[in-house]
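Each remark here refers to the structure printed beneath this line.
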Amino acid sequence: DVKVTQSSRYLVKRTGEKVFLECVQDMDHENMFWYRQDPGLGLRLIYFSYDVKMKEKGDIPEGYSVSREKKERFSLILESTSTNQTSMYLCASRTPGSDTQYFGPGTRLTVL
Amino acid sequence: GESVGLHLPTLSVQEGDNSIINCAYSNSASDYFIWYKQESGKGPQFIIDIRSNMDKRQGQRVTVLLNKTVKHLSLQIAATQPGDSAVYFCAEIPPYNTDKLIFGTGTRLQVFP
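Chains as they are written, first to last, in our numbering: chain W, 30 to 141; chain C, 290 to 402.
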C-alpha cells in the first residue's frame, strides 16, 4: 500500500512566523504535490514536483515555496504566515505513468 | 469533526440501502476520472477510477458509471454501511495538463441506522 505521511496533523502559528510542512512517501514516487483545501473552494494546487530538485507552480503559489532535496520528501514552506493561509494542507504523490494521486492525512494549519 | 466543505450537497441513506453519488465534470475531452473518499479530519482516499473508453467499472461494493454524452459521473455504493459516511469527491484529468487533477466540490454521505 502507498503510504504518504505529513509531519504534523495540527499546527497553530502566529502571523509572520515561518512554517515548514513536510511530506514523506515510501513508494519511490517521482511526482509529489501540495494542495490546500478550504470550505467552498475544494482542493487547489499550490506546487508540484516532477522529481528531485524540480518544482512547478500550481494554481495558487503566492506566499509559498517548496523544497525537494530527496525523492521521498517534499516540503512546503510558508516564509511569513498570514491569516489567509489558515487551511487544511494536503500532500499527494504518484508515479509517472499512473494518473492516480495518493494523499497524506493532511495538516490543519491555523494562523492567528 | 472538521468540515471539508460548508453547504455541501448531502445524501442521507439508511444503512443497508444503496447510495448513488453524482458528479458533473467540466471538460468533455478529459480522459481519466477518480473517486475519492474523505473522512472527517483525514486526507482523500482513492476509491476507484475509470478511463474515458469505459462506461462502467466495478470494485468491491462500488461501481462507477461514466456518461460522456452529458459529462456525468456517478458512484454507486451497495449495501451502504456507517463506515461509508464521508465526503466523496470526483476528480478529472483534463487533456491540456495531465499533471493536474480537477476536483469537484464534493458530496457528503450520511448513513443512519
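Backbone N, C-alpha and C define an ideal beta-carbon position, used for all residues, glycine too.
By the three-class DSSP mapping on this structure, what secondary structure does residue i have?
i	result
T387 (chain C)	coil
Q114 (chain W)	helix
D67 (chain W)	strand
T299 (chain C)	strand
In the DSSP assignment, find the unbroken beta strand (DSSP E) run with residue i in it and report its ends.
i	result
A313 (chain C)	S308 to A313
R102 (chain W)	R102 to L107
E91 (chain W)	Careful: E91 (chain W) lies outside any beta strand (DSSP E) and carries neither H nor E.
Q130 (chain W)	Where Q130 (chain W) is concerned, there is no enclosing beta strand (DSSP E), given that its DSSP letter is neither H nor E.
R397 (chain C)	T396 to F401
R137 (chain W)	T136 to V140
Y377 (chain C)	A375 to I382
E51 (chain W)	V48 to Q54
Would residue i be called buried (16 or more neighbouring beta carbons within 10 Å of its own) or exposed?
i	result
F77 (chain W)	buried
S292 (chain C)	Note that S292 (chain C) scores 36 on pLDDT, short of 50, meaning its location in the model is unreliable and no value can be drawn from it.
T136 (chain W)	buried
V359 (chain C)	exposed
S315 (chain C)	exposed
R397 (chain C)	buried
A121 (chain W)	buried
Q327 (chain C)	buried
G87 (chain W)	buried
D373 (chain C)	buried
Y377 (chain C)	buried
F392 (chain C)	buried
I323 (chain C)	buried
Just to make sure I have the definition right: I need the residues of chain C whose C-beta is within less than 8 Å of the C-beta of residue i. Which are they?
i	result
G135 (chain W)	G330, K331 and G332
L119 (chain W)	G332 and P333
Mind listing the chain W neighbours of residue i? Cutoff is C-beta to C-beta under 9 Å, in chain order.
i	result
Y321 (chain C)	D128 and T129
D373 (chain C)	Neighbours of D373 (chain C) on chain W: none; closest Cβ ~18 Å, over 9 Å.
I382 (chain C)	D128
D338 (chain C)	D128 and T129
In chain W, what lies closer than 7 Å to residue i by C-beta?
i	result
D388 (chain C)	F77
Which residues of chain C have a Cβ atom closer than 7 Å to the Cβ of residue i, listed in chain order?
i	result
L72 (chain W)	F392
L105 (chain W)	Residues of chain C passing the Cβ test: none, with the nearest at roughly 14 Å.
Can you find a heavy atom of the ligand ATP that lies under 8 Å from the Cβ of residue i?
i	result
W324 (chain C)	The ligand ATP is absent from the structure shown, which contains no ligand whatsoever.
Show which residues of chain W have a CB atom less than 8 Å away from the CB atom of residue i.
i	result
G395 (chain C)	G71
Output yes if chain B places a C-beta closer than 9 Å to the C-beta of residue i; else output no.
i	result
R38 (chain W)	This model lacks chain B altogether, as its protein chains are W and C.
| task | Would you mind listing the beta strand (DSSP E) stretches within the segment 322-346 of chain C that are 3+ residues and don't spill past its ends, in chain order? | result | 334-340
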